[in-house]
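Sequential numbering of the sequence shown, starting at 2, is according to the numbering used here. Idealized CB from N, CA, C, for every residue including glycine. Input: a single structure, listed below in structure tokens.
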Amino acid sequence: MIVLKTSKELVLMKEACKISAEALRLAGEMVKPGVATEEIDRLVSKVIKQHGATPVFLGYKGFPAATCISINNEVIHGIPSKKRVIQEGDLVSIDLGASKNGYVGDNAATFAAGSICPEAKRLSETTREALYAGISKAVAGGRVGDISAAIQDYCETRGYSLVRDYTGHGVGKKLHEDPSVPNFGTAGRGARLTPGMTLAIEPMVNQGGYEVNVLGDDWTVVTADGKLSAHFEHTVAITANGPVILTKED
């Protein structure tokens with residue numbers, strides 16, 4: 002069931018989203034060679050709690066950290082560790098969320114550790130641009146498929162593939178709500194976009210094929226062919242005046 006939010010609920014949700022955005026920005030600033038991913042996770046948890054919020058990922062279905070930190074061929078759900086040290090040239094995707102006032106903010110971005118290769122830079126930039134291509138279609142009266150098709154078209158025309166096994170989603174009082182928001186699909190299909198809907202739009206884009214595997218930790222998702230992956234995400238509200246990105250600090 003799709004849950005529509007009132008204007009008052011969106012104000013409350015915006016606060017959680019702003020905290021999530023700040024935590025993600027600070028996490029990204031820590032992405033440097035020699036930094037253990039656990040250090041980033043500790044900072045994120047501290048920042049979120051300082052705002053009176055809760056790291057929503059921590060304990061979610063048993064996940065052991067406040068952030069998902071995925072490097073290079075890891076797509077999503079990488080577990081932070083003191084043993085996992087970022088190296089020069091790594092492509093580091095960070096996904097995190099905060100809960101406050103009973104509402105959740107969810108966002109992700111991919112960061113460069115030092116100097117990255119041109120192929121990694123192009124993949125990351127394309128994924129970020131695909132996110133905004135999708136958001137531009139998050140218009141009241143449209144369909145979820147409009148978002149999906151925009152993301153797919155943007156990436157596939159540039160030679161990349163979209164992960165099929167994991168999708169974007171509704172978000173609100175829960176981290177995952179209806180509807181599912183795939184990063185592939187057909188325009189004009191899917192749930193009708195209605196003011197009050199809040200969606201986590203999150204392209205997961207692979208340099209090679211779209212197939213993925215889950216590692217033995219039962220969390221970390223990697224590309225099946227070992228090639229790079231990138232991930233960007235915003236929480237977006239559907240309004241009568243167009244899409245509003247909630248996961249912004251300003």
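CA-CA distance, isoleucine 70 and asparagine 214? 16 Å
For cysteine 69: DSSP bridge partner residues: Asp96
Roughly how many whole angstroms lie between the Cα atoms of glycine 210 and threonine 240? 35 Å
Just grab the DSSP bridge partners of aspartate 107 for me. Gly98
Taking its Cβ as the centre, do 16 or more other Cβ atoms sit within 10 Å of serine 116, making it buried, or is it exposed? exposed
Would the region 23-34 and the region 75-92 be scored as touching if the rule is three or more Cβ pairs under 8 Å? yes
Residue of Glu178, Gly197, Asp218 and Gly169 minimising C-alpha distance to methionine 205: Gly169
Do glutamate 178 and glycine 186 have their beta-carbon atoms positioned less than 8 Å apart in this structure? no
Within 10 angstroms of the Cβ of glycine 98, are there 16 or more other Cβ atoms? Answer buried if so, exposed if not. buried
Proximal residues to alanine 134 (C-beta, below 7 Å), its chain only, five neighbours per side dropped: Ala151, Ile152 and Tyr155
Length of the line joining the Cα atoms of valine 4 and alanine 141: 15 Å
Helix, strand or coil: how does DSSP classify aspartate 91 here? coil
In this structure, how does DSSP classify alanine 241 when only helix, strand and coil are distinguished? coil
Thinking just about the alpha-carbon of each residue, which of Ser82, Asp96 and Gly106 is nearest to the one in threonine 38? Ser82
Burial state of proline 119, where buried means 16 or more other Cβ atoms lie within 10 Å: exposed
Can you tell which of Lys101, Ala110, Lys62 and Gly103 has the C-alpha that lies nearest to the C-alpha of glutamate 234? Ala110
Glycine 171 (DSSP reduced to helix, strand or coil): strand
Run through DSSP, which three-state label would serine 82 get? coil
Quick check on the DSSP output: the alpha helix (DSSP H) that includes aspartate 218 runs from which residue to which? Taken as a continuous stretch (DSSP letters only), aspartate 218 belongs to no alpha helix (DSSP H), as it is neither H nor E.
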